[in-house]
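I have placed the structure first, in the form of structure tokens, so that the comments after it can refer back to it.
Residue numbers (our numbering): 8 to 206.
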């Protein structure tokens with residue numbers, strides 16, 4: 008019975024049809040490799056957090072309190088920005104540039120709001136890297152490096168919106184921007200759960 012099955016490979020070769028090979032763009036490959044290295048970087052910071060937490064009692068030290076509920080609200084806004092980024096990316100794929108720019112602009116605004124809250128939190132904290140001991144050091148390292156990544160993401164979003172406006176965007180650049188922004192959001196969820204929920 009197996010011999011009676013049609014040989015589609017031979018048939019397609021006979022009529023000159025070549026199989027389509029889809030290769031990832033250099034931008035997508037580069038972003039995937041870079042994000043892989045960033046995962047390892049943040050894994051080291053999380054490992055340091057839990058190592059210090061296990062070696063210090065109490066944790067956090069007495070007198071240190073964080074604005075959990077306010078930060079939770081801005082966490083929801085940052086996670087929502089992943090949704091607006093998806094909508095912008097899909098609109099750009101359909102060449103609906105006005106919608107893509109609108110959703111991308113909202114993503115940018117949500118990211119700026121998140122960073123504004125982090126700035127306010129840093130100003131309101133009653134401790135610094137020096138005065139907070141091991142807790143202060145790892146708190147500012149973990150949240151600060153994430154904040155730096157958000158700022159880089161905001162810069163990338165500005166380039167993304169500029170490319171959409173001038174119609175010089177490419178699928179690879181859109182995909183790289185999309186992946187990076189989702190990465191920033193996922194890392195923050197892990198930071199929020201680690202620092203503000205588990206403590």
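Even for Gly, the Cβ is constructed at its ideal location relative to N, Cα and C.
Taking residue i as the reference, which of the options has the closest Cα?
i: residue 91; options: 116, 193, 60; result: 116
i: residue 140; options: 42, 63, 39; result: 63
i: residue 190; options: 171, 205, 159, 105; result: 159
i: residue 118; options: 104, 131, 80; result: 80
i: residue 73; options: 123, 120, 103, 128; result: 128
i: residue 209; options: 86, 144, 103, 67; result: The question about residue 209 has no answer here: the residues shown for the chain are numbered 8 through 206.
i: residue 33; options: 98, 89, 179, 105; result: 179
i: residue 172; options: 106, 44, 97, 114; result: 106
Suppose you measure from the CA of residue i to the CA of residue j; what does that come to, to the nearest Å?
i: residue 164; j: residue 187; result: 10 Å
i: residue 56; j: residue 48; result: 13 Å
i: residue 6; j: residue 30; result: Limits of the chain in this structure are 8 at one end and 206 at the other, which puts residue 6 out of reach.
i: residue 162; j: residue 76; result: 28 Å
i: residue 101; j: residue 69; result: 54 Å
i: residue 111; j: residue 65; result: 43 Å
i: residue 132; j: residue 185; result: 32 Å
i: residue 193; j: residue 78; result: 15 Å
i: residue 153; j: residue 94; result: 24 Å
Classify residue i: buried if its beta carbon has 16 or more other beta carbons within 10 angstroms, exposed otherwise.
i: residue 54; result: exposed
i: residue 36; result: exposed
i: residue 183; result: buried
i: residue 181; result: buried
i: residue 50; result: exposed
i: residue 202; result: buried
i: residue 89; result: buried
According to DSSP, is residue i part of a helix, a strand, or is it coil?
i: residue 62; result: helix
i: residue 88; result: helix
i: residue 192; result: helix
i: residue 179; result: helix
i: residue 71; result: coil
i: residue 15; result: Bear in mind that a pLDDT of 45 at residue 15, under 50, signals an unreliable position, so the number given afterwards is only what the model happens to contain. Of the three classes helix, strand and coil, the one that applies to residue 15 here is helix, per DSSP.
i: residue 77; result: helix
i: residue 97; result: helix
i: residue 185; result: helix
i: residue 135; result: coil
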